[in-house]
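**Q** Last residue of the sequence shown: 303 (this note's numbering), numbering continuous. Just so you know, even glycine gets a beta-carbon here, dropped at the ideal spot from N, CA and C. Small disclaimer: the values here were computed from a predicted structure and weren't measured.
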Amino acid sequence: MPAPVKSVLNESKQIERAAMLIQMGARMQVLESETTLSYERLIRLYKEIAGKSPSKGQLPFSTDWFLTWQENIHSSLFLNIYEYLSKGVSLDSVELLTKAYRLYNEQVQAAEIEPLLSFTRAWRLVKFVDAGMLTRTKCAQCGGQFVTELYENRHYTCGLCNPPARAGKSKSAGALTLH
Ligand SMILES: [Zn+2]
125 MPAPVKSVLN
135 ESKQIERAAM
145 LIQMGARMQV
155 LESETTLSYE
165 RLIRLYKEIA
175 GKSPSKGQLP
185 FSTDWFLTWQ
195 ENIHSSLFLN
205 IYEYLSKGVS
215 LDSVELLTKA
225 YRLYNEQVQA
235 AEIEPLLSFT
245 RAWRLVKFVD
255 AGMLTRTKCA
265 QCGGQFVTEL
275 YENRHYTCGL
285 CNPPARAGKS
295 KSAGALTLH
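This is the structure we're talking about:
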């Protein structure tokens, strides 16, 4: 019995999606979450496309990384793009994520800054926001929207307006503006 056309189509769509995610640099936990393909299948695809075995281990399940100074600025830049896109166009969650991630990359490259946020981290950030563990808060000084914990006070000042003392000599984050 030949497989029904519908399931063949769905399967090829899943493979296409996995391939795109692998090319974006996604780790296995993203692939397992965003496609219906089996783990073995994903491993084989990963090796074929990336030319190496996927790195082992999971990202730590913690919001801390996104709240650290420079990481926070990159996370905020990405999330602002993501939120902006999600209002304008109707894309599914993976399309939205990859599109926002490409735009984030373009923007940091234009500013000649190394992209601190990996694709997998960007994916995790969106999950944290969806789960209500992180949100965006407006900076009381510059008016930009920044990734924060849920109940940040209304006099919140961002890491660009109020950089930590150790950041004095670093210009890199300052080259990004979020408003
Ligand atoms: Zn600010």
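At a cut-off of 8 Å, would you count G181 as near ligand 1, judging by its Cβ distance to the nearest heavy atom?
**A** Against the sequence shown, residue 181 aligns to sequence position 57. Every heavy atom of ligand 1 is 8 Å or more from the Cβ of G181, so no.
**Q** Less than 8 Å separating the Cβ of G268 from some heavy atom of ligand 3?
**A** Looking at this structure, you won't find ligand 3 anywhere; what it does contain is ligand 1.
**Q** Could you tell me the distance, in whole angstroms, from the CA atom of L166 to the CA atom of W247?
**A** Here residue 166 corresponds to residue number 42 of the sequence shown, with the count starting at 1. Here residue 247 corresponds to residue number 123 of the sequence shown, with the count starting at 1. Rounded to whole angstroms, L166 to W247 spans 18 Å at the Cα level.
**Q** Would you mind working out which of G149, L161, Q153 sits nearest A174, comparing C-alpha positions?
**A** Locating residue 174 in the sequence shown gives position 50, where the first residue counts as 1. Closest by alpha carbon: G149.
**Q** Heavy atom of ligand 1 less than 8 Å from the Cβ of T261, yes or no?
**A** By 1-based counting over the sequence shown, the position of residue 261 is 137. T261 Cβ: outside cutoff for every heavy atom of ligand 1.
**Q** For V271, list the residues DSSP reports as bridge partners.
**A** Indexing the sequence shown from 1 puts residue 271 at position 147. Paired residue(s): R260.
**Q** Quick check: Y228 and I205, are their CB atoms within less than 9 Å of each other?
**A** Taking the sequence shown and counting its residues from 1, the one referred to as residue 228 is at position 104. Taking the sequence shown and counting its residues from 1, the one referred to as residue 205 is at position 81. Against a cut-off of 9 Å, the Cβ pair of I205 and Y228 comes out as a contact.
**Q** Using only CA atoms, which one of R245, N134, Q147 lies nearest to L161?
**A** Working through the sequence shown from its first residue, we reach residue 161 at position 37. Here the closest residue by C-alpha is N134.
**Q** Starting from the N-terminal side, write out each stretch of the alpha helix (DSSP H) that is 4 residues or longer and does not extend beyond the segment 144–228.
**A** Listed in chain order, they are 152–158, 163–174, 188–191, 193–212.
**Q** Which stretch, first to last residue, makes up the alpha helix (DSSP H) that contains T281?
**A** Taking the sequence shown and counting its residues from 1, one reaches residue 281 at position 157. Run containing T281: none; DSSP gives neither H nor E here.
**Q** Report, in whole angstroms, the separation of the C-beta atoms of S210 and L220, which I expect to be a contact under 8 Å.
**A** The residue you call residue 210 lines up with position 86 of the sequence shown. The residue you call residue 220 lines up with position 96 of the sequence shown. About 6 Å; that satisfies the 8 Å criterion.
**Q** Name the two residues that bound the continuous alpha helix (DSSP H) containing L249.
**A** Locating residue 249 in the sequence shown gives position 125, counting from the first residue. Unbroken alpha helix (DSSP H) run through L249: 243–254.
**Q** Quick one, which of E207, L155, L169 has its alpha-carbon nearest Q182's?
**A** As a working mapping, residue 182 is identified with position 58 in the sequence shown. Per the Cα distances, L155.
**Q** Which of helix, strand or coil does DSSP assign to E236?
**A** Translated into the one-based positions of the sequence shown, residue 236 becomes position 112. Three-state result, E236: coil.
**Q** Less than 8 Å separating the Cβ of N277 from some heavy atom of ligand 1?
**A** Position 153 of the sequence shown holds residue 277. Every heavy atom of ligand 1 is 8 Å or more from the Cβ of N277, so no.
**Q** CA-CA distance, F185 and D216?
**A** In the sequence shown, residue 185 corresponds to position 61, counting from 1. In the sequence shown, residue 216 corresponds to position 92, counting from 1. Computed Cα separation, rounded: 24 Å.
**Q** Would the C-beta of L304 count as close to ligand 1, meaning under 8 Å from any of its heavy atoms?
**A** This structure gives no information on residue 304, because the portion of the chain shown stretches from 125 to 303.
**Q** Beta-carbon separation of T259 and V250 under 9 Å?
**A** Within the sequence shown, residue 259 is the residue found at index 135, counting from 1. Within the sequence shown, residue 250 is the residue found at index 126, counting from 1. No. Outside cutoff.
**Q** Thinking T281 and Q265 are a contact (beta carbons under 8 Å), I'd like their distance in whole angstroms, please.
**A** Against the sequence shown, residue 281 aligns to sequence position 157. Against the sequence shown, residue 265 aligns to sequence position 141. Confirmed, about 5 Å.
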